[in-house]
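Down below is the structure, laid out as structure tokens.
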Amino acid sequence: MDRLTIEPDDPTPPYEQIRRGVLDRIARGALLPGDRLPAIRALANDLGLAAGTAARAYRELEEAGVITTRRGAGTRIAEGLDPSALPTLDGTDPAVTRWAGEAVAEARARGLPLDQLAAAVRTAAAEAGADA
408 MDRLTIEPDD PTPPYEQIRR GVLDRIARGA LLPGDRLPAI RALANDLGLA AGTAARAYRE
468 LEEAGVITTR RGAGTRIAEG LDPSALPTLD GTDPAVTRWA GEAVAEARAR GLPLDQLAAA
528 VRTAAAEAGA DA
């Protein structure tokens with residue numbers, strides 16, 4: 408696994424930074440189902456955090472079905488997990504990202520201006536009562 412880091416200036420709690428970091432690495436394909444994660448104490452030590460902080464992140468990932476922990480086998484990315492269904496580090500739903508990519512590709516293929524596509528999406532979202 409590429410090294411997780413904690414940003415001390417980030418208002419996001421450290422356990423959440425760990426959780427999001429693991430999810431992001433899975434979504435990007437840097438971690439695959441079956442890959443082993445560092446032990447809680449090793450991760451906490453590496454990040455300069457209390458073991459309870461790392462344990463909370465792992466507990467939340469386990470409750471979500473993202474990781475599994477078995478005595479003697481360690482903590483691993485859950486088998487059968489669909490990485491494309493996980494949110495990225497910024498919290499964006501992968502389905503939204505895929506749709507946006509398809510919309511941009513379609514607009515380009517039709518020769519439509521992308522700035523107008525973005526404006527049209529914001530307008531449609533506002534009209535639907537969603538956060539734009």
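The sequence shown lines up with residues 408 to 539 when you count with the working numbering.
The beta-carbon is built from N, C-alpha and C at its ideal position, and this holds for glycine as well.
Have a look at G481 and A526 and give me their C-alpha separation to the nearest angstrom.
Start at 1 with the first residue of the sequence shown, and residue 481 comes out as number 74. Start at 1 with the first residue of the sequence shown, and residue 526 comes out as number 119. If you take the alpha carbons of G481 and A526, they lie about 48 Å apart.
Under a three-way DSSP split, which group does L411 fall into?
Within the sequence shown, numbered from 1, the residue matching residue 411 stands at position 4. Looking at L411 - three-state DSSP - the assignment turns out to be coil, as it is neither helix nor strand.
Using only the alpha-carbon positions, how far apart do A452 and E414 sit?
Mapped onto the sequence shown, residue 452 falls at position 45. Mapped onto the sequence shown, residue 414 falls at position 7. Residue identity check: residue 452 is Asn in the sequence provided, not Ala. So the alpha carbons of these two residues sit roughly 15 Å apart.
Hey, would you say A403 sits closer than 8 Å to L488, going by beta carbons?
Only positions 408 to 539 of the chain appear in the structure, and residue 403 is not among them; the question remains open.
Please go through the segment 460-491 and give each complete beta strand (DSSP E) segment of 3 or more residues, from N-terminal end onward.
474-477 and 481-484
With DSSP as the reference, label R517 as helix, strand or coil.
As a working note, residue 517 is residue 110 in the sequence shown. It is coil, neither helix nor strand.
Span of the alpha helix (DSSP H), counted from its first residue to its last, around A446
Here residue 446 refers to the residue found at position 39 of the sequence shown. No alpha helix (DSSP H) contains A446, which DSSP labels as neither H nor E.
Going by DSSP, what residue range makes up the alpha helix (DSSP H) through R426?
Position 19 of the sequence shown holds residue 426. Note, R426: alpha helix (DSSP H), P421 to A434.
Using three-state DSSP, classify A527 as helix, strand or coil.
For the purposes of this step, residue 527 is taken as residue 120 along the sequence shown, with counting starting at 1. Here A527 sits in helix by DSSP.
Look up A539 in the DSSP assignment and say whether it is helix, strand or coil.
On the sequence shown, position 132 is the one that residue 539 refers to. Note on A539: pLDDT 46, under 50, position unreliable in the model; the coordinate value appears next. A539 falls in the coil class under three-state DSSP.
Would you call the CB atoms of A485 and I474 closer than 8 Å?
Stepping through the sequence shown from its first residue, residue 485 is reached at position 78. Stepping through the sequence shown from its first residue, residue 474 is reached at position 67. Yes; because the gap between Cβ atoms is below 8 Å, this pair is in contact.
Rounded C-alpha distance that separates L439 from T476:
Residue mapping note: residue 439 aligns to position 32 of the sequence shown, counting from 1. Residue mapping note: residue 476 aligns to position 69 of the sequence shown, counting from 1. When rounded, the distance between both Cα atoms is 15 Å.
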